[in-house]
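Contents: one structure, followed by commentary.
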């Protein structure tokens, strides 16, 4: 989609990781890191309240913690935003 070739690596019995070659594009890195947690949170918000879907809703809404800088996704999101803001500030200064 963005010109990346993701690969799935197995890091244990139930632990998988998706890796791709970083092309040093901060906007792409921001989208890649943020899309999964944001979409999961949106699904959790849209799920109706009820006992049958309560656990699924809880799992979806708990993805808000993936946006924090203590997780790998959150770290990439924060660094991408910082780099984008630095580039904009450097473009505006003479």
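Residue numbers (our numbering): 9 to 102. Glycine included, each C-beta is placed from N, C-alpha and C at the ideal position.
Contact check for residue 82 against residue 65 fails: the beta carbons are separated by 9 Å or more. Leaving aside the five residues that flank residue 85 on each side, the residues in its chain whose CB is nearer than 8 Å to its CB run, in chain order, 38, 41, 42, 75, 77. Per DSSP, the beta bridge partners of residue 27 are 15. It is roughly 19 Å from the alpha-carbon of residue 44 to the alpha-carbon of residue 18. Nearest Cα to residue 24 within the set 15, 30, 31, 32: 15.
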